[in-house]
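Chemist: Mind looking over this structure? Questions follow.
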Amino acid sequence: MMPESQENSSHKERHSRHSSHYHGSSGRDEAAYMRKKKQQEKESHRRQRKMMRRKKKEMRKHEREQLIRKIRYLFSFDSVNHFIERRKMILSKRKFYWKASARERKKKFKNFLNRFSWSRIIKSYRMWILEMKKDWKAFKARLKERRQMRKMARQEARIKFRFYLRFYGNLFSSIFKIKGEYFKILANSTFFYILSHITIYLVYQFITILVAHQYKLPTILYYYKTAFPTPPTSPLWTENNIINTFGSGPMVLFLLGVLFYFLFGIVKKQPGMLKIFILWLYMQSIGYFIGSIIAGTITLKYLGWSLAWMGALSFLPKLALLPFLVVLFVIGYQSIRLFIQTSTNFRLIGNLESIRKYLFSVTIIPYLIGNVIVFLTKLPELHPYEILIYFSMSFMIFPFMINFRDYGMHNIATYRKEFKFPVKLVVFTIVLLAIFRIWLGYGIHFV
Numbered sequence: 013m014m015p016e017s018q019e020n021s022s023h024k025e026r027h028s029r030h031s032s033h034y035h036g037s038s039g040r041d042e043a044a045y046m047r048k049k050k051q052q053e054k055e056s057h058r059r060q061r062k063m064m065r066r067k068k069k070e071m072r073k074h075e076r077e078q079l080i081r082k083i084r085y086l087f088s089f090d091s092v093n094h095f096i097e098r099r100k101m102i103l104s105k106r107k108f109y110w111k112a113s114a115r116e117r118k119k120k121f122k123n124f125l126n127r128f129s130w131s132r133i134i135k136s137y138r139m140w141i142l143e144m145k146k147d148w149k150a151f152k153a154r155l156k157e158r159r160q161m162r163k164m165a166r167q168e169a170r171i172k173f174r175f176y177l178r179f180y181g182n183l184f185s186s187i188f189k190i191k192g193e194y195f196k197i198l199a200n201s202t203f204f205y206i207l208s209h210i211t212i213y214l215v216y217q218f219i220t221i222l223v224a225h226q227y228k229l230p231t232i233l234y235y236y237k238t239a240f241p242t243p244p245t246s247p248l249w250t251e252n253n254i255i256n257t258f259g260s261g262p263m264v265l266f267l268l269g270v271l272f273y274f275l276f277g278i279v280k281k282q283p284g285m286l287k288i289f290i291l292w293l294y295m296q297s298i299g300y301f302i303g304s305i306i307a308g309t310i311t312l313k314y315l316g317w318s319l320a321w322m323g324a325l326s327f328l329p330k331l332a333l334l335p336f337l338v339v340l341f342v343i344g345y346q347s348i349r350l351f352i353q354t355s356t357n358f359r360l361i362g363n364l365e366s367i368r369k370y371l372f373s374v375t376i377i378p379y380l381i382g383n384v385i386v387f388l389t390k391l392p393e394l395h396p397y398e399i400l401i402y403f404s405m406s407f408m409i410f411p412f413m414i415n416f417r418d419y420g421m422h423n424i425a426t427y428r429k430e431f432k433f434p435v436k437l438v439v440f441t442i443v444l445l446a447i448f449r450i451w452l453g454y455g456i457h458f459v
């Protein structure tokens, strides 16, 4: 027998050995467990493969047995008897169907022969001839209608062509017949048009320069544009600066156009030719405003930049510019009455021919001559933006070529004073054009 102290010590030594052995062999046990697991998986795969092989063998055996049975059946007497019985059944069914449908076949054959009988053929021929006659009559009627329609269209086209030949022939022949007072009116209106163009152009550019000066943007005024030497990457160019700088000029011109319209209502019964100058200012300001919208959206310059920064070009495609051209046409149509009211003598607008001469000498010819002179002064710096503005303004002049009436004659104030050739106006306009071209050719700097 051992004492209690020795027993306790021996028990502790055993426990320490057991624990050390267990903790040291944990990695080995896991490796052995993984090996066993892999072996079990391999055995399960082998069993599955064996099962699949057995099933394939059984299927092949079954197919072989079926083939053997079919071959034995084909070479046996049972298959021959079955074939004979089946053939008898088919033949008996055919005999039954033949007996039941014999009468119907006879009826169909008789009807088929009746189709080729002489009486039937004659009837069908007569019916065909009647149908052909009806169709021929309808065809002739259609041809007559078409011929009549073509004749009517040709006659209408000839009448319109002759009318337009006479009408526009008289128009253009009246250009060479403008003499006396009409020629004096033409000279006044032409130089008033050039003066109105210079004033409207300078107002537009000076408004742009003033707004740019508020934002500390340096500018250079030329006879064809206002230049901005500030680079586009400069921090001076902000969204508000661009919108206000390039959008202020057209808005001021629109307000000036409304002002000139009401001013003409005050001055229209006064003597003199200053009324024509006010009307040209009205036409130029409105035309420049709407024309700058059209030119800006097409060329993406000047007003187009402000419209782009405002986001207006996203919902304003180029096809949406047609209503603006219609507005210009309507303004020009309504302005015919105003230009007729500038006459100071009923003798100048007594009939349609005199009205035609007066409108040609007041609007159409001055517009053409004035634009030619303006374009010559701006060469070679004539940009598409300005060309589009003047092209859009032509829609205001076009109604003067197609509409001649005597409306507005009751509002005309008559005077016996005869017109004089505007010598002073011609000299002043020529001098102003020379200054405009030479001085602004070097550029005026605004800092």
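Be aware that the sequence shown starts at 13, since it is given in the numbering used here, and climbs by one per residue. Ideal Cβ positions, reconstructed from N, Cα and C, are used throughout, including at glycine.
1) Given this structure, state the Cα-to-Cα distance separating F341 from F410, to the nearest angstrom.
2) When the Cβ atoms of the segment 385–392 are set against those of the segment 272–289, are three or more pairs found closer than 8 Å?
3) Near F351, which residues of its chain fall below 7 Å by C-beta distance, leaving aside the five closest residues on each side in sequence?
4) Taking only the alpha-carbon atoms, compute the straight-line gap between W317 and M164 and give it to the nearest angstrom.
5) Counting only the same chain and skipping the five closest in sequence on each side, list residues whose C-beta sits under 6 Å from that of R460.
6) On the premise that F272 lies in contact with Y300, defined as a C-beta separation below 8 Å, what is that separation, rounded to the nearest angstrom?
7) Suppose you measure from the CA of K120 to the CA of R159; what does that come to, to the nearest Å?
8) At which residues does the alpha helix (DSSP H) containing I310 begin and terminate?
9) Where do the N-terminal and C-terminal ends of the beta strand (DSSP E) with L233 fall, by residue?
10) With 16 as the cutoff for other CB atoms within 10 Å, does K390 come out buried or exposed?
11) Report the three-state DSSP secondary structure of T202 (helix, strand or coil).
12) Using three-state DSSP, classify A211 as helix, strand or coil.
13) Whose CA, out of K313, G284, T211, Y236, lies closest to the CA of T257?
14) With DSSP collapsed to three states, give me the class of T242.
15) Taking the Cβ atom as the reference point for each residue, do P378 and Y205 lie within a distance shorter than 7 Å?
16) Could you check whether Q217 and L233 sit closer than 7 Å to each other, using their CB atoms as the reference points?
17) Assuming G269 contacts I305 (C-beta within less than 8 Å), just tell me the rounded distance between them.
18) Between the segment 390–409 and the segment 222–229, do at least 3 Cβ pairs fall closer than 8 Å?
19) I'd like the span of the alpha helix (DSSP H) that includes F276, first residue to last.
20) Rounding to the nearest angstrom, what Cα-Cα distance links F448 and G259 in this structure?
21) Using CA atoms only, rank isn't needed, just tell me which of T202, E116, M139 is closest to I381.
22) Mind checking S355: buried by the 16 CB within 10 Å criterion, or exposed?
23) Counting along the chain, where does the beta strand (DSSP E) carrying I456 start and finish?
Modeler: Let's see:
1) 7 Å
2) no
3) L291, L371, V374, T375
4) 54 Å
5) Past the boundaries of the shown model lies residue 460; the chain is included only from 13 to 459, so the question cannot be answered.
6) That pair is no contact at about 12 Å.
7) 51 Å
8) 286–311
9) 231–233
10) buried
11) helix
12) Reading the sequence as shown, one finds Thr at residue 211 and not Ala. Here T211 sits in helix by DSSP.
13) K313
14) coil
15) yes
16) yes
17) 13 Å between Cβ atoms; not a contact.
18) no
19) 251–279
20) 24 Å
21) T202
22) buried
23) 456–458
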